[in-house]
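The opening residue of the sequence shown carries number 6 in my numbering; numbering runs sequentially from there. Using N, Cα and C, we set each Cβ at its ideal position, and we do this for glycine too. Source: prediction; values computed, not measured. Okay, structure first, notes after.
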Amino acid sequence: MFPAVSIVVPIYNEFDNLIALVDRIDAAMRSQPLSYELIAVDDGSKDDSAKRLLELAATRPWLRPVILARNYGQSSALQAGFDRVQGRYVVTLDADLQNEPDDIPLLLNRLETDPSVDMVSGWRKDRQDAAISRKLPSKIANRLISNATGVQLHDYGCALKAYRRHIIDRVHLYGELHRFIPSLARDAGARITEVPVRHHARTAGVSKYGIDRTFRVILDLILMVFLMRYRQRPLHAFGGLGLWLATPGFLILAYLFIVKLMGESIGGRPLLIIGVMLVLMGMTFVAAGLIGELLTRIYYESGGGRQYYADDYVIDETGGPPRMVRLDAHAAREQTVQPAAASSL
Numbered sequence: 006m007f008p009a010v011s012i013v014v015p016i017y018n019e020f021d022n023l024i025a026l027v028d029r030i031d032a033a034m035r036s037q038p039l040s041y042e043l044i045a046v047d048d049g050s051k052d053d054s055a056k057r058l059l060e061l062a063a064t065r066p067w068l069r070p071v072i073l074a075r076n077y078g079q080s081s082a083l084q085a086g087f088d089r090v091q092g093r094y095v096v097t098l099d100a101d102l103q104n105e106p107d108d109i110p111l112l113l114n115r116l117e118t119d120p121s122v123d124m125v126s127g128w129r130k131d132r133q134d135a136a137i138s139r140k141l142p143s144k145i146a147n148r149l150i151s152n153a154t155g156v157q158l159h160d161y162g163c164a165l166k167a168y169r170r171h172i173i174d175r176v177h178l179y180g181e182l183h184r185f186i187p188s189l190a191r192d193a194g195a196r197i198t199e200v201p202v203r204h205h206a207r208t209a210g211v212s213k214y215g216i217d218r219t220f221r222v223i224l225d226l227i228l229m230v231f232l233m234r235y236r237q238r239p240l241h242a243f244g245g246l247g248l249w250l251a252t253p254g255f256l257i258l259a260y261l262f263i264v265k266l267m268g269e270s271i272g273g274r275p276l277l278i279i280g281v282m283l284v285l286m287g288m289t290f291v292a293a294g295l296i297g298e299l300l301t302r303i304y305y306e307s308g309g310g311r312q313y314y315a316d317d318y319v320i321d322e323t324g325g326p327p328r329m330v331r332l333d334a335h336a337a338r339e340q341t342v343q344p345a346a347a348s349s350l
């Protein structure tokens, strides 16, 4: 029997927090009726976090430690957990106990009672961090990301989130895209809401964030905007930029050609170099777009990715007037997988 809820926690050098983290998550989940598992992913910790996880799991069958071979980063640690989830709901939170485990039932209750929501994102409305070093950059980043991606959230950085399983199955993390999970989820068809959650100051361990994070966020945001808008049509991005560069270049060269026909010398004019450079740069971008289109076609036609995601609807047979309801993707997968497995025996 699969658990109803899978909780994924990436861990890096959180030895001092692990006992309290595991016990508080257990206490929070015992206060609600859904069964659960805790997938704790150690991301190559340099302290004894992995050893402590194994010790805790020996007396807690619902705790599933995952020990990565080295430090791969938070996105890879989350993906390792996502690859192992079994529940129809998936919850994520940080291991530093700044997120409040007692808020997990609040997010799950929203998913249970509101079928129009696929993802519930926590909002640290009363954030307990330094105003200058953490709060101000976070507010700027949240506004920038919301405007660039079109997913309006107050708090992209809150790790406490809950998802329906089929959304997690559609999201694939790499690099440092964990910051943009709401955008990736929306791209996968998720309907997102936001609820205020509690936040605590760190009491043990050391923060893993530095000022260089700001520059990485900007670069990753550029990648996210490109993926969301041009992933299936790269020629529109590169080719459009190429035409904007090449068009003035062609006009400059046409003008110089007319001047040349009139008998004037154009060899020493800087305008000639500018025109040639613009044309060459424009054609390079167009060529890059064409190569991108070919790679995209190969990728999708070979089954490397999905061009779309869709929900299936069936007639509600539980009574009452006929109506269409969305088929639960996790339940549908179990119905299709189990008969196939039985027939192979």
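Could you tell me the distance, in whole angstroms, from the CA atom of Phe20 to the CA atom of Gln157? Here the alpha carbon of Phe20 sits roughly 35 Å from the alpha carbon of Gln157.
Measure how close the beta-carbons of Ser80 and Glu181 come, nearest whole angstrom, since I'm counting them as under 8 Å. With a beta-carbon spacing of about 5 Å, Ser80 and Glu181 fall inside the 8 Å limit used to define contacts.
Please confirm whether Val71 and Arg57 have their CB atoms less than 8 Å apart. At least 8 Å separates the beta-carbon of Val71 from that of Arg57.
The alpha helix (DSSP H) that contains Ala62, what's its start and end? Start and end: Ser54 to Ala62.
Quick one: give me the first and last residue of the beta strand (DSSP E) that Pro275 is part of. No beta strand (DSSP E) holds Pro275; the alpha helix (DSSP H) holding it covers Pro275 to Glu306.
Report the start-end ranges of each alpha helix (DSSP H) in the segment 190–265 that is 4 residues or longer and not cut off at the edges. 217–235
Please report how far the alpha carbon of Asp123 lies from the alpha carbon of Arg148, in whole angstroms. 22 Å
Would you tell me roughly how many angstroms separate the C-alpha atoms of Leu46 and Tyr179, rounded to the nearest one? First, the amino acid is wrong: residue 46 is Val here, not Leu. Approximately 15 Å between the Cα atoms of the pair.
Pick from Tyr304, Val284 and Ala74: whose alpha carbon is nearest that of Gly244? Val284
In whole angstroms, give me the CA-to-CA distance for Asp53 and Asp99. 18 Å
With distances taken between CB atoms, is the gap from Asp48 to Tyr94 smaller than 8 Å? Cβ distance not < 8 Å, so Asp48 and Tyr94 don't count as in contact.
Cβ pair count under 8 Å reaching 3, the segment 250–266 against the segment 297–307: no
Just how far apart, CA to CA, sit Glu432 and Ala292? For residue 432 there is no data in the structure shown, the boundaries of the chain being 6 and 350.
Does the Cβ of Glu42 have 16 or more other Cβ atoms within 10 Å, making it buried, or fewer, making it exposed? buried
Segment limits, alpha helix (DSSP H) that includes Thr118: Ile109 to Thr118
Thinking Leu250 and Phe290 are a contact (beta carbons under 8 Å), I'd like their distance in whole angstroms, please. 7 Å
Using C-beta distances below 8 Å, list every residue in its chain close to Ala345, excluding the 5 sequence neighbours before and after it, in chain order. Per-residue confidence for Ala345 stands at a pLDDT of 39, beneath the threshold of 50, marking its modelled position as unreliable; no derived number is given.
So for Ile72, helix, strand or coil by DSSP? strand
Taking C-beta to C-beta, are Val3 and Gly86 nearer than 8 Å? Not covered by the structure: residue 3. The range shown for the chain is 6 to 350.
Under a three-way DSSP split, which group does Pro15 fall into? strand
Tell me the DSSP secondary structure of Pro38 in three-state form. coil
Measure from the alpha carbon of Ile109 to the alpha carbon of each residue in Leu224, Ile227 and His204, then state which is nearest. His204
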